[in-house]
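Peer 1:
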DNA sequence: ATCTTTGTTAACCAAATGGTTAAACTATAC
DNA sequence: GTATAGTTTAACCATTTGGTTAACAAAGAT
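So, in structure tokens, the structure goes:
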């Protein structure tokens, strides 16, 4: 085997592909740019991943499997709904601040090819909302929460946490903030969002 | 002048371009497909719009100027914050149900080229949030609302209203709904979202 | 009638792009 | 050392794609 300096061309390719695909999308990405970015010959991309589609799928799956555990945190642990919302909000926002292209990439490509998520869902059941819904129903019946549907509550949680990252250019425009100011807004949301949600659903 | 049957080739092109660009994005769209879609020769696209970039910008601006008035509704009328939220939520959701590709298209392309919104903002000041913020401050000081920042509240309103459309494939997956079920969920949100927001911020 | 302007088309072109190939190189097995 | 199997590269290829051109058609203007 010929393994010169870096020991793992395959991972270098995946890393470069991740950068290019996540910023430019499937259609905007160029195989040559990925090769340059990885510092290797373009033919290597095909040697390791056959073609653009398969390389893209490798990147997409790796991105999705990085995000899914974060979502499952809120769905499947045993703390109260209230604690879950607090934990999820701070953790998720911190997580995305480290991977800023992730939400937009996934959403964009899921819209481009909606069948993709069907395959993923079939293989691993990456998102199971049943337990969360049951817990909401229980806490509603116990009088801890106002009448609330689990589906809609989860949509609200996702919306409030994810959307600001996806709509960053729009938000920067109307708040007239620069990148630093935007980050400050997001930082505030780590606590504000959970209070906003809890205020709304808590029975008092 | 040569005007045969339809009287307005230019608008046919724009309509076809809208369909193709909004579903496939700038990079995924093909000039030939737009031409076919409009039922005309590809050269006509260049005759009327010079090149792909300019045709795209025409579509983008027309899409944005369709959306902006909807946003300004909430920002600049004289009703109470509470009424504004209710009106905005029902109106906005109804509006997007008629233009389902709009939010995703705008967000996707704004992320691809963030400078775009700077140009738009400079030309027309499409989004002015100042009045809304002042009104929030006032109602907070009057004791109608809990301590709330206008910026963050507006981000929350946008998030809860727009995100579900943008993340449709994801939401369909974890709620296990088909298109019909998804529409039912959205329909519920016309009232649920505003109650959710108002519950959270109203002083009581 | 014919000249001019505007609109429309088919054919064409150069560049970009995903993908292939055949040869060369490297490390290990024998 | 030499065979062998995996790795890497430069050059190449076919197709796609945005864009151009030159000829043609239709409708006023004169």
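Protein chains in written order, with the UniProt record's numbering: chain A, 1 to 204; chain B, 1 to 204.
Built from N, CA and C at the ideal position, the CB exists for glycine as well.
Given the structure is predicted, the values throughout are model-derived calculations rather than measurements.
(1) For residue 75(B), does the three-state DSSP call read helix, strand or coil?
(2) Let me confirm a value: residue 1(A) is counted as buried when at least 16 other C-beta atoms fall within 10 Å, else exposed. Which label applies?
(3) Would the segment 134 to 143 of chain B and the segment 110 to 129 of chain A be scored as touching if the rule is three or more Cβ pairs under 8 Å?
(4) Taking only beta-carbon atoms, is residue 102(B) less than 7 Å away from chain A?
(5) Determine which residues of the UniProt domain "HTH tetR-type" (7 to 67) of chain B have a Cβ less than 7 Å from any Cβ of chain A, and write them out in chain order.
(6) Would residue 72(B) count as contacting chain A if we go by Cβ distances under 7 Å?
(7) Closer than 7 Å, CB to CB, is residue 140(A) near chain B or not?
(8) May I ask you to report which of helix, strand or coil DSSP gives residue 202(B)?
(9) Just verifying my parser: in three-state terms, what is the DSSP assignment at residue 145(B)?
(10) Give the DSSP-derived three-state secondary structure of residue 19(A) in the structure shown.
(11) Anything in chain A within Cβ reach of residue 159(B), meaning under 7 Å, just list it in chain order.
(12) Can you tell me whether residue 181(A) is buried or exposed? The criterion is at least 16 other CB atoms within 10 Å of its CB, across all chains shown.
(13) Is the Cβ-Cβ distance between residue 26(B) and residue 56(B) less than 7 Å?
(14) The alpha helix (DSSP H) that contains residue 98(B), what's its start and end?
(15) If you draw a straight line from the alpha carbon of residue 5(A) to that of residue 19(A), how long is it in whole angstroms?
(16) Pull up the distance between the alpha-carbon of residue 73(A) and that of residue 103(A), whole angstroms please.
(17) On the criterion of 16 or more Cβ atoms from any shown chain inside 10 Å, does residue 3(B) qualify as buried, or is it exposed?
(18) Pick out whichever of 117(B), 48(B), 176(B) has its Cα sitting closest to the Cα of residue 10(B).
(19) Output yes if chain B places a C-beta closer than 7 Å to the C-beta of residue 127(A); else output no.
(20) Considering only the beta carbon of each residue, do residue 96(B) and residue 163(B) sit closer than 7 Å?
(21) Taking beta-carbon pairs under 9 Å, can you tell me which members of the segment 175 to 196 of chain A lie near chain B?
(22) Hey, would you say residue 117(A) sits closer than 7 Å to residue 110(A), going by beta carbons?
(23) Considering only C-alpha positions, which residue in the set 155(B), 147(B), 178(B) is nearest to residue 204(B)?
(24) Could you give the residue range of the alpha helix (DSSP H) that holds residue 158(B)?
(25) Does residue 86(B) pass the burial test, meaning 16 or more other C-beta atoms within 10 Å, or should it be called exposed?
(26) Is any beta-carbon of chain B found at less than 7 Å from that of residue 135(A)?
(27) How far does the alpha helix (DSSP H) with residue 36(B) in it reach, from first residue to last?
(28) Would you say residue 77(A) reaches chain B, if we count a Cβ-Cβ gap shorter than 7 Å as a contact?
(29) May I have the straight-line CA-CA distance separating residue 160(A) from residue 42(B), to the nearest angstrom?
(30) Residue 69(B) CB to nearest chain A CB: under 7 Å?
(31) What in chain A is Cβ-close to residue 123(B), meaning under 9 Å?
(32) With 7 Å set as the bound, which would you pick, yes or no: does the beta-carbon of residue 111(B) sit closer than that to a beta-carbon of chain A?
(33) Taking the alpha carbon of residue 115(B) as the reference point, which residue from 141(A), 173(A), 145(A), 16(A) has its own alpha carbon closest?
(34) Is the Cβ of residue 94(B) closer than 7 Å to any Cβ of chain A?
(35) Would you mind sorting residue 98(A) into buried or exposed? The rule is 16 or more other CB atoms within 10 Å of its CB.
Peer 2: Looking at the coordinates:
(1) In this structure, DSSP gives residue 75(B) a helical state, which the three-state scheme calls helix.
(2) Note that residue 1(A) has pLDDT 42, beneath the 50 cutoff, so the model's placement of it is unreliable and the number below is only indicative. Its Cβ having fewer than 16 others within 10 Å, residue 1(A) is exposed.
(3) Judged by Cβ distances under 8 Å, the segment 134 to 143 of chain B makes no contact with the segment 110 to 129 of chain A, as fewer than three pairs qualify.
(4) By this cut-off, residue 102(B) is not an interface position.
(5) So the list reads 25, 27, 28, given in the order they occur along the chain.
(6) Proximity of residue 72(B) to chain A, defined by a Cβ-Cβ separation below 7 Å, is not satisfied.
(7) No, because no Cβ of chain B sits closer than 7 Å to the Cβ of residue 140(A).
(8) Of the three classes helix, strand and coil, the one that applies to residue 202(B) here is strand, per DSSP.
(9) Strand, per DSSP.
(10) In the structure shown, residue 19(A) sits in a helix (DSSP, three-state: H, G or I).
(11) The CB of residue 159(B) comes closer than 7 Å to the CB of 159, 160, 163, 164 in chain A, given here in chain order.
(12) That one is exposed.
(13) Taking C-beta atoms as the reference points, residue 26(B) and residue 56(B) count as a pair closer than 7 Å.
(14) Unbroken alpha helix (DSSP H) run through residue 98(B): 81 to 98.
(15) Only weak support exists for where residue 5(A) lies, its pLDDT of 42 falling under 50; the value from the coordinates is given anyway. Residue 19(A) has its alpha-carbon roughly 22 Å from the corresponding atom of residue 5(A).
(16) Answer to the nearest angstrom: the Cα atoms are 17 Å apart.
(17) Any reading at residue 3(B) is ruled out, since the residue's pLDDT is 44, under 50, leaving its predicted position unreliable.
(18) Taking only the C-alpha atoms, the option nearest residue 10(B) is 48(B).
(19) Yes - at least one Cβ of chain B is within 7 Å of the one on residue 127(A).
(20) Taking 7 Å as the Cβ cut-off, residue 96(B) and residue 163(B) do not qualify as a contacting pair.
(21) Listed in chain order, the positions of the segment 175 to 196 of chain A with a beta carbon within less than 9 Å of a beta carbon of chain B are 175, 176, 177, 185, 188, 189, 192, 193, 195, 196.
(22) Taking 7 Å as the cut-off, the beta carbon of residue 117(A) is found closer than this to the beta carbon of residue 110(A).
(23) 147(B) is the residue among 155(B), 147(B), 178(B) whose C-alpha sits nearest the C-alpha of residue 204(B).
(24) Segment 150 to 166, the alpha helix (DSSP H) holding residue 158(B).
(25) By the neighbour-count criterion, in which 16 or more other beta carbons inside 10 Å mark a residue as buried, residue 86(B) falls on the buried side.
(26) Not closer than 7 Å to any Cβ of chain B, the Cβ of residue 135(A) fails to qualify, so no.
(27) From DSSP, the alpha helix (DSSP H) with residue 36(B) extends over 31 to 38.
(28) Taking 7 Å as the CB threshold, residue 77(A) stays off the interface with chain B.
(29) Straight-line measurement puts the Cα of residue 42(B) at about 43 Å from the Cα of residue 160(A).
(30) Chain A contact via Cβ: absent.
(31) In chain order: nothing, as chain A lies at least about 12 Å away.
(32) So, interface residue.
(33) When only C-alpha atoms are compared, the closest one is 173(A).
(34) Output row for residue 94(B): interface = no.
(35) Its Cβ having fewer than 16 others within 10 Å, residue 98(A) is exposed.
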